[in-house]
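Those protein sequence lines, which keep their order, are chains Z and B.
Residue 2 is where the first sequence starts when you use the numbering used here, and the numbers rise one by one after that.
Residue 2 is where the second sequence starts when you use the numbering used here, and the numbers rise one by one after that.
Think of the CB as a built atom: it goes at the ideal place given N, C-alpha and C, for glycine as much as any other residue.
See structure below.
Protein chains: 2
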Amino acid sequence: MNPMKELTVKVPAADAGGYRIEIGTGFLGSVWPKIESQFGAAGKFVITDTNVAKAGYLDKLVSGRNVPGYIIPPGEMSKNMNTLVLIIEAMENAYLARDTVVIALGGGVVGDIAGFAAAVFKRGVKVVQVPTTTLAQADSAIGGKTGVDSSLSKNAFGCFWHPSAVYIDVAMLKTLDDRQYRAGLVESVKHALIADEKYFGFLESNLDAILQRQSDVLEKVAYQNCRIKAQVVEADPTERNQRRMLNYGHTIGHAIESASGFELLHGEAVAIGIIAAGMIEIEMGLGDGKRLERIRKILVGLGMPVKKTANISKSALIDIIRRDKKAINQWPRFVLIDTIGHVHRTEGQWAVEVKQDVVENVLGKL
Amino acid sequence: MNPMKELTVKVPAADAGGYRIEIGTGFLGSVWPKIESQFGAAGKFVITDTNVAKAGYLDKLVSGRNVPGYIIPPGEMSKNMNTLVLIIEAMENAYLARDTVVIALGGGVVGDIAGFAAAVFKRGVKVVQVPTTTLAQADSAIGGKTGVDSSLSKNAFGCFWHPSAVYIDVAMLKTLDDRQYRAGLVESVKHALIADEKYFGFLESNLDAILQRQSDVLEKVAYQNCRIKAQVVEADPTERNQRRMLNYGHTIGHAIESASGFELLHGEAVAIGIIAAGMIEIEMGLGDGKRLERIRKILVGLGMPVKKTANISKSALIDIIRRDKKAINQWPRFVLIDTIGHVHRTEGQWAVEVKQDVVENVLGKL
């Protein structure tokens, strides 16, 4: 045998980048000129859902321009590979080039699938997020997580793919249906719980104004959410450690959402997941019943469920938790807080070990 | 209206990286220990096809270890989203974590789909390429292009996703069927044409030894291919400009491959595409009939077709070319050479303008 031949292929460093988030009320009609001034004549493709289109926001965004696009049925059930294939083939049929900008106008499902379509179309084109829901404006439009579900778990397929710009018009929240509106606010509560006690107090004392959808308060909420999320994402864009803190309440929350067959909205399931995290904290000596009561109160104030329904079995949840993206040896670490606004860390880890029997015990009481 | 609120999210720079390519004869049996020493206890998942498994290479690679994996039917027809979904769900059912290493054991289809699966599973895990064909060892296993086809075009879905290691054992070429073996050598001819006249001469004078599959010559061919491709990919990993030179013969070649319904192998279609490029060069005063004759001779020596069949219409080809990934305003630029070993550039561009009527004219004569 000859001696082995060896070569090394160098992969060059990628430059630092960044993107701007603009927050305001009633400026959707001026978003298209902003996109054109940033991206020029590049091809555009708009992805939205039938609810957003019916509410008139698609017309307001494109205002008479002839723009190719794809309108998906609303809801998590659209967030799969079949929809992705239909979107990509529509993009191909529009003869779009590699300089294309995909514009995601919608909630979390639209943003996640549009971001993923942009990530994989011709090996990657740009995406601009124009979130229309409390969930997307607080969370999913920022940070570059994209993906679709498999038949087994949420976001089984996906990429990290940062948007090139984000436009948050809180005026679009006025027409959001009440259940979705409320559920999406759970991510704001989560941000406060993991990063900012003062913001938690702001949410508590402005709950009525938030539920009345007062623009000035909604802009402040959007700004705080973006500020907190941006800080975390900048420190750890691909979730090696610190970014995991954004999963507070989500490990059990995702499992409940899947196990409910998506009858529960993401935020509703995460609300239950946040309560579960609080119960784990108590079991582990990191929190007390009084703090959990305060958290439960704001979630109930938002109209969230705080207990799982009886038809969701403990064993189904445990099986889904074992498949969690963050699992190592079939068991994930959990994000816990030690005070409101501060994530509990052990040995520099933002997600910590919790034994399976502790989780099973909590699920039994949930 | 309140003044707009603005934030900027910073995306940190990504460090430079790299990966090693090892080339040898008959070392497949020692590849697994090499992978284990590089990646430790991380979960492994092997993707291969039934032909490779039947030839005994899967057994040789894993040698009795119990490794989860997925075996796809051979051929371009497997390279689609349905297969990707089956692979990802098999990975989920193996409860694989984010530290997973996907091992691609096979030809171009296996490598492209396994690389894409790695790119999107849980938003990205590592992939090791163990190419088994002349095509994959010369080209597709190196450089980080991954993807699957849509019903409309090749690699419509995909990511740039660099392998973490590449192991090229030319002994596996001994059992490759003759048609595939020969077609895969067209990428070697392409590398010589765009980058190295001396290498072109080497291929001409060693054609018999290559067709007899002599290991020492095959190792040299593999080394030259990797050297040339690595240089190009390092200079331009995401194909903004220089990397386009690797598409020599591929714009028309891809169209012919698609239009044939994949009855032509990739290399066979690219051989015709290389002839077409040579004819365009003559039309544009960049080459003469003598040079094209020399190129035609080596392709015919490999047993390649050098004319399109009559059932492939010019209009079908033009339509596919308009959808090309590299097209801007529905017409791509073309890579041309001015001498063997040297790509023609205008104004620093490695792919240049060719008018549609020139291409139509050439397709008419092809």
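Spatial distance of residue i from residue j (CA atoms)
i	j	result
Gln225 of chain Z	Trp351 of chain B	47 Å
Ala260 of chain Z	Lys191 of chain Z	21 Å
Cys160 of chain B	Ile114 of chain Z	15 Å
Tyr20 of chain B	Ala54 of chain B	26 Å
Trp33 of chain B	Val63 of chain B	7 Å
Arg244 of chain B	Gln232 of chain B	9 Å
Ile24 of chain B	Lys61 of chain B	17 Å
Gln215 of chain B	Phe263 of chain B	29 Å
Val361 of chain B	Phe335 of chain B	The identity of residue 361 of chain B in the sequence shown is Glu, whereas the question assumes Val. Each residue's alpha carbon lies about 14 Å from the other.
Ser165 of chain B	Leu8 of chain Z	13 Å
Phe40 of chain Z	Asn312 of chain Z	50 Å
Gly202 of chain B	Leu97 of chain Z	40 Å
Ser31 of chain Z	Gly65 of chain Z	13 Å
Ala105 of chain B	Leu300 of chain B	29 Å
Lys291 of chain B	Ser206 of chain B	18 Å
Glu188 of chain B	Lys356 of chain B	26 Å
Met246 of chain B	Ala196 of chain B	9 Å
Lys369 of chain Z	Ile321 of chain B	The structure shown does not extend to residue 369 of chain Z, since chain Z is modelled only from 2 through 367, so no value can be given for it.
Thr101 of chain B	Met82 of chain B	21 Å
Glu93 of chain B	Ile329 of chain Z	13 Å
His255 of chain B	Asp325 of chain B	9 Å
Val10 of chain B	Gly268 of chain B	45 Å
Gly18 of chain Z	Ala15 of chain B	10 Å
Close-in-space but distant-in-sequence residues of the same chain around residue i (CB under 7 Å, 5 per side omitted)
i	result
Asn67 of chain B	none
Ala370 of chain Z	The structure shown does not extend to residue 370 of chain Z, since chain Z is modelled only from 2 through 367, so no value can be given for it.
Gly365 of chain Z	Lys315
Thr347 of chain Z	Val353
His163 of chain Z	Tyr20, Gly145
Cutoff 6 Å; reference residue i; Cβ partners in own chain excluding five residues on either side
i	result
Arg323 of chain B	Gln331
Arg183 of chain B	Leu303, Gly304
Ile319 of chain Z	none
Tyr71 of chain B	Ile48, Ile88, Ala91
Ile275 of chain B	Gly250
Gly148 of chain B	Asp113, Phe117, Asn156, Phe158, Gly159
Tyr1 of chain Z	Beyond the ends of chain Z as shown, which are 2 and 367, falls residue 1 of chain Z; an answer cannot be given.
Ile22 of chain B	Val167, Cys227
Ala142 of chain Z	Gly112, Gln130, Pro132, Val167
Thr26 of chain Z	Val171, Ala172, Ser216
Ala139 of chain Z	Glu188, Ser189, Asn226
Asp339 of chain B	Leu287, His345
Asn52 of chain B	Pro75
Own chain residues within Cβ distance below 8 Å of residue i, not counting five before or after
i	result
Ala137 of chain B	Gly107, Gly108, Gly109, Val111, Gly112, Gln130, Gly185
Ile296 of chain B	Val190, Leu194, Ile275, Ile276, Gly279, Ile341
Asp289 of chain B	Ile283
Ala210 of chain B	Val218
Thr84 of chain B	Ile73, Ile114, Val149
Gly57 of chain Z	none
Residue-chain proximity (residue i, chain A), Cβ-Cβ < 8 Å
i	result
Tyr249 of chain Z	Among the chains of the structure shown, chain A does not appear; the protein chains present are Z and B.
Inter-residue CB distance, residue i and residue j (contact presumed, cutoff 8 Å)
i	j	result
Ala251 of chain B	Val222 of chain B	Here the sequence assigns His to residue 251 of chain B, which means Ala is not the residue at that position. So it is not a contact: roughly 20 Å between Cβ atoms.
Val234 of chain B	Gly144 of chain B	4 Å
Val103 of chain B	Val121 of chain B	Val103 of chain B to Val121 of chain B, Cβ: 11 Å. No contact.
His345 of chain Z	Leu287 of chain Z	6 Å
Leu177 of chain B	Thr135 of chain B	7 Å
Leu367 of chain B	Ile273 of chain B	7 Å
Heavy atom of the ligand PLP within 7 Å of residue i beta-carbon
i	result
Asp217 of chain Z	The ligand PLP is not among the ligands present in this structure, which contains no ligands whatsoever.
>> Taking beta-carbon pairs under 7 Å, can you tell me which members of the region 46 to 80 of chain B lie near chain Z?
In response: For the region 46 to 80 of chain B, the set of positions with a beta-carbon nearer than 7 Å to some beta-carbon of chain Z is empty.
> When Cβ atoms are compared, which residues of the region 85 to 97 of chain Z fall closer than 8 Å to chain B?
Replying inline: Here the close residues are Leu85, Val86, Ile89, Glu90, Glu93, Asn94, Tyr96.
> For the region 303 to 315 of chain Z, which residues have a beta carbon sitting closer than 8 Å to at least one beta carbon of chain B?
Replying inline: Listed by position, the residues of the region 303 to 315 of chain Z near chain B (Cβ gap below 8 Å) amount to none.
>> For a minimum of 3 consecutive residues, which ranges assigned as the beta strand (DSSP E) are wholly contained in the region 109 to 177 of chain Z?
In response: As summarised for the region 109 to 177 of chain Z, the continuous beta strand (DSSP E) elements at least 3 residues long and confined to that stretch are 127 to 132, 146 to 149, 158 to 161, 166 to 170, given in chain order.
>> To be precise: take each residue of the region 216 to 229 of chain B, compare its Cβ to all Cβ atoms of chain Z, and keep it if any distance is under 7 Å. Which residues remain?
In response: Against chain Z - using a Cβ distance shorter than 7 Å - the residues of the region 216 to 229 of chain B are Asp217, Glu220, Tyr224, Cys227, Arg228.
> Quick one: complete alpha helix (DSSP H) runs, 4+ long, within the region 189 to 226 of chain Z?
Replying inline: The DSSP assignment places 198 to 206, 208 to 212 as complete runs of the alpha helix (DSSP H) inside the region 189 to 226 of chain Z, in order along the chain (cut-off: 4 residues).
>> At a CB distance below 8 Å, what residues from the region 22 to 42 of chain Z approach chain B? Give them in sequence order.
In response: Within the region 22 to 42 of chain Z, the qualifying residues are Ile22, Glu23, Ile24, Gly25, Thr26, Gly27, Phe28.
> Which of the residues in the region 313 to 341 of chain B, read from start to end, lie with their CB under 8 Å from any CB of chain Z?
Replying inline: Considering only beta carbons, the part of the region 313 to 341 of chain B lying closer than 8 Å to chain Z consists of Arg323, Arg324, Lys326, Lys327, Ala328, Ile329, Asn330, Gln331, in chain order.
> the region 153 to 182 of chain B: which residues have C-beta closer than 7 Å to a C-beta of chain Z, in chain order?
Replying inline: If the cut-off is 7 Å between Cβ atoms, the region 153 to 182 of chain B has Leu153, Ser154, Ala157, Phe158, Gly159, Cys160, Phe161, His163 near chain Z.
>> Report the start-end ranges of each alpha helix (DSSP H) in the region 269 to 335 of chain B that is 4 residues or longer and not cut off at the edges.
In response: List check, alpha helix (DSSP H) in window: 290 to 302, 315 to 323.
> Which residues, in chain order, does the region 2 to 14 of chain B contribute to contact with chain Z at a C-beta distance below 7 Å?
Replying inline: Identification of residues in the region 2 to 14 of chain B having a C-beta nearer than 7 Å to some C-beta of chain Z yields Met2, Asn3, Met5, Lys6, Glu7, Leu8, Thr9, Val10, Lys11, Val12, Pro13, Ala14, given in sequence order.
>> So if I threshold CB-CB distances at 8 Å, which residues from the region 283 to 297 of chain Z count as touching chain B?
In response: Across the region 283 to 297 of chain Z, no CB contact with chain B closer than 8 Å is found for any residue.
> Can you list, in chain order, the residues of the region 123 to 148 of chain Z whose Cβ is nearer than 9 Å to any Cβ on chain B?
Replying inline: Within the region 123 to 148 of chain Z, those residues whose Cβ lies closer than 9 Å to any Cβ of chain B are, in chain order, Lys123, Arg124, Gly125, Ile143, Gly144, Gly145, Lys146, Thr147, Gly148.
> What are the start and end residues of each continuous beta strand (DSSP E) run of 3 or more residues lying completely inside the region 18 to 87 of chain Z, in chain order?
Replying inline: Counting whole runs of 3 or more residues, the region 18 to 87 of chain Z contains the beta strand (DSSP E) stretches 18 to 25, 45 to 50, 70 to 73.
> What are the residues of the region 186 to 212 of chain Z that lie near chain B, defined by any Cβ-Cβ distance shorter than 8 Å?
Replying inline: For the region 186 to 212 of chain Z, which is checked against every Cβ of chain B, not one residue is closer than 8 Å.
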